[in-house]
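Q: Can you read through this structure? Questions will come right after.
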Amino acid sequence: MKLNGWQRLWVLVSLLLFVPTVLSLRVSFPTEETIYHNWASAGLIEFQHWYGDETGGYATYAEIQKGKSDVDFINERMKSIPSPSDKDTEVRLKFKEAVVRINSEYEEQLHKLPETQRNTVIVHVLWWLAICVTLYVFGWLIAWVRRGFHKQAT
Numbered sequence: 006m007k008l009n010g011w012q013r014l015w016v017l018v019s020l021l022l023f024v025p026t027v028l029s030l031r032v033s034f035p036t037e038e039t040i041y042h043n044w045a046s047a048g049l050i051e052f053q054h055w056y057g058d059e060t061g062g063y064a065t066y067a068e069i070q071k072g073k074s075d076v077d078f079i080n081e082r083m084k085s086i087p088s089p090s091d092k093d094t095e096v097r098l099k100f101k102e103a104v105v106r107i108n109s110e111y112e113e114q115l116h117k118l119p120e121t122q123r124n125t126v127i128v129h130v131l132w133w134l135a136i137c138v139t140l141y142v143f144g145w146l147i148a149w150v151r152r153g154f155h156k157q158a159t
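Residue 106 in the numbering used here sits at position 101 of the sequence shown; the count goes up by one each step and never skips.
Listed below in structure tokens is the structure:
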């Protein structure tokens with residue numbers, strides 16, 4: 006099968022569009038590390054939600070990464086909280102429930118990681134194919150319109 010100039014251009018553009026598709030896939034591809042960072046951030050957000058005011062301020066995730074693990078940081082902050090009162094015991098229970106929920110979500114995300122990775126690749130490839138097919142159809146339609154004008158002129 007011989008390709009005309011427009012089809013060759015379409016093949017070239019399709020191959021060039023594959024580069025941003027791969028780059029996008031690389032950025033959005035889920036890994037254990039990204040799941041871990043999301044888990045740590047979620048834990049920190051819950052901690053700050055329940056204990057931020059009592060401990061005298063908030064910390065960002067970047068501050069935590071300056072040498073302490075997330076668990077060490079949270080344990081240190083928990084020790085700085087005054088002795089438990091009835092209200093504090095209730096807060097601790099709610100915080101513990103939130104941590105259990107976050108941990109179960111983390112385990113579920115790790116369990117589903119291969120499926121999530123496969124789906125991410127499939128979505129990116131399908132988007133790339135859809136764009137390539139759309140470009141081909143537009144090229145074919147433009148050629149069809151152009152042929153219609155050339156027939157009228159002769």
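Here a beta-carbon is modelled for each residue, glycine too, at the ideal position from N, C-alpha and C. For clarity, every value in this text was computed on a predicted model and none was experimentally measured.
Any idea what DSSP makes of Asn9, helix, strand or coil?
A: Asn9 falls in the coil class under three-state DSSP.
Q: Could you tell me the alpha carbon to alpha carbon distance between Phe100 and Ala45, rounded to whole angstroms?
A: Straight-line Cα distance between these residues: approximately 14 angstroms.
Q: Tell me whether Leu146 is buried or exposed, calling it buried when 16 or more other Cβ atoms sit within 10 Å of its Cβ.
A: Result: exposed.
Q: Please determine, among Arg97, Gln12, Leu21, the residue with the shortest C-alpha to C-alpha distance to Phe143.
A: Considering only alpha carbons, the answer is Gln12.
Q: Would you call the stretch 98-113 and the stretch 14-25 touching, i.e. three or more CB-CB distances under 8 angstroms?
A: Taking 8 angstroms as the limit for Cβ pairs, the verdict is that the stretch 14-25 does not touch the stretch 98-113.
Q: Cα-Cα, which of Met6, Thr26, Glu110, Gln114 is closest to Ala135?
A: Minimum Cα distance to Ala135 is reached at Thr26.
Q: Out of Asn108, Glu95, Leu21, which one is the CA nearest neighbour of Leu49?
A: Of the listed residues, the one whose Cα sits closest to Leu49 is Asn108.
Q: DSSP three-state label for Phe23, please.
A: Of the three classes helix, strand and coil, the one that applies to Phe23 here is helix, per DSSP.
Q: Can you list, in chain order, the residues of its chain whose CB lies under 8 angstroms from that of Asp58, leaving out five sequence neighbours each side?
A: Its pLDDT being 49, under 50, Asp58 is placed unreliably in this model, and the coordinates cannot settle the point.
Q: Under a three-way DSSP split, which group does Pro35 fall into?
A: In the structure shown, Pro35 sits in coil (DSSP, three-state: anything other than H, G, I, E or B).
Q: When burial is assigned at 16 or more other CB atoms within 10 Å of the CB, is Ile127 buried or exposed?
A: With fewer than 16 other Cβ atoms within 10 Å, it is exposed.
Q: Take Glu37 and list the residues in its own chain whose beta-carbon comes closer than 8 angstroms to its own, dropping the five residues that flank it on each side.
A: Excluding residues within five positions, the ones whose Cβ falls inside 8 angstroms are Leu115, Leu118.
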